[in-house]
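Take a look at the structure below.
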Amino acid sequence: MNILLTGGVGYIGSHTAVVLAETGHEVVLYDNFSNSSTDVIHRLTTIIGSDLPFVQGDVRDTARLTHALRTHHIEAVVHFAGLKAVGESVIQPIAYYDNNVNGAISLLQAMQTAGARTLVFSSSATVYGDPQYLPFDEAHPTSAINPYGRTKLHIEQMLCDVARTADHWRIACLRYFNPVGAHESGLIGENPKGIPNNLMPYVARVASGQLPHLEVFGADYSTADGTGVRDYIHVVDLAKGHLAALDFLRKEIGWHVFNLGTGRGYSVLEIVRAFELASNRPIPYRVAPRRMGDLAAYYAEPNRAKTVLNWQAERTLQEMCASMWRWQERLSRTAVD
Ligand code: WQD
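Quick note on numbering: the working numbering labels position 161 of the sequence shown as 205, and the sequence is numbered without any gaps.
Structure (structure tokens):
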């Protein structure tokens, strides 16, 4: 299939590009480089062994997007492009609604014009809000607690309405839990600009000596060791979830929601210990106050994806940490070179 990936040069987009290309799909990358770099395209060529067509553009540029869809005879789109920092979304809500919601509207218009009706959307477990029960299944009520989450929820609702029209749209909405890790080659991974907000990239920089210690945001939650619990999922497993969703959409029309998680939660201190083991480096930490807006614990009920998509996460926490460390070591070497 000819598949366009918006945000295809980013962290999850680039890993999905590898999985789709290796399965024999024709992949086209569409990215504005707002949170990614051109180097990734070269590294993708090294991993895949051939060049992927690439269009530099913003998803809000409907004409450009329509042109790309037509030129490359695109049948399906995986929509990764979007802003994703919770804290930043509180400070700049307009930018978030513009990029994320207007970006999605622009994409739908371009797809409608170009006649592409198959879409896989990157959503987030953040749309579940405060747990009314755990694990989160897809039927759990949704309620976002910050502008970032609200943009995801607005888009989901919009896509659901579009899928109900008579135009035979095929739309899968994938709710990611906490994606971590990197491709086994160590050539692509997550490289947040500035000081990382998320736990795993922060821990990786402490292990490499770039940051002095981790601040553990709260050790008084009602969890086994008092620290926050999340469902971390290896980014390559996550990427394979997109392949499974695209296969599923060949047979099914309408709107379909799937959690992509492992179903298993790990605490902050369990992550610290696993990363110490993988890197063979100490990770000094200090307990700090809770971070505003954080939840104590959440994790996925992954059964729907298993039974309907025939997909499940396979990689262990050790593999997540080891691949992350391999990538971090490469980043540290490149910074010195
Ligand atoms: C994990 C745990 C922290 C940093 C966020 C978004 C969510 C989704 C994934 C996109 C928590 C603790 C963290 C640190 C710490 N993104 N922590 N010290 O908050 O679960 O989810 O990313 O969709 O929408 O909210 O991930 O990695 O930031 O935090 O103690 O320096 O690590 O308190 O318990 P989170 P995270």
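The beta-carbon is built from N, C-alpha and C at its ideal position, and this holds for glycine as well.
Worksheet item: Which residues mark the beginning and the end of the alpha helix (DSSP H) in which E66 is found?
Response: Y55 to E66
Worksheet item: Hey, how far is the Cα of V121 from the Cα of M368?
Response: 28 Å
Item to complete: Quick one: using the 10 Å Cβ neighbour count with 16 as the cut-off for buried, is C365 buried or exposed?
Response: buried
Item to complete: Output the boundary residues of the alpha helix (DSSP H) element that contains E200.
Response: P191 to A207
Worksheet item: Do you know offhand how far P175's Cα is from V260's?
Response: 22 Å
Worksheet item: Applying the criterion that 16 or more other CB atoms from any shown protein chain within 10 Å of the CB defines a buried residue, is S133 buried or exposed?
Response: buried
Worksheet item: Buried or exposed: where does D211 fall if 16 or more other Cβ atoms within 10 Å of its Cβ makes it buried?
Response: exposed
Worksheet entry | Touch test, the stretch 228-239 against the stretch 305-321, Cβ-Cβ under 8 Å, three pairs minimum | no
Worksheet item: E120 bridges to which residues according to DSSP?
Response: According to the sequence provided, residue 120 is Ala. The question's Glu does not apply to it. Note: A120 sits in a beta bridge opposite I47 and T162.
Item to complete: Could you check what DSSP says for Y140 in three-state terms: helix, strand or coil?
Response: helix
Worksheet entry | Counted within 10 angstroms of its Cβ, other Cβ atoms place N144 as buried (16 or more) or exposed | buried
Practice prompt. Specify whether the stretch 64-77 and the stretch 176-193 touch according to this definition: at least 3 beta carbon pairs, one from each stretch, less than 8 Å apart.
Written response: no
Practice prompt. Measure the alpha-carbon distance for F77 versus G101 and round it to whole angstroms.
Written response: 8 Å
Practice prompt. Entirely within the stretch 305-348 and at least 4 residues each: give me those alpha helix (DSSP H) ranges in chain order.
Written response: 312-323
Worksheet item: For L152, which residues of its own chain have a beta-carbon under 7 Å away from its beta-carbon, when the five flanking residues on both sides are left out?
Response: V206
Fill in: Through-space distance from H286 to T60, alpha-carbon basis
7 Å
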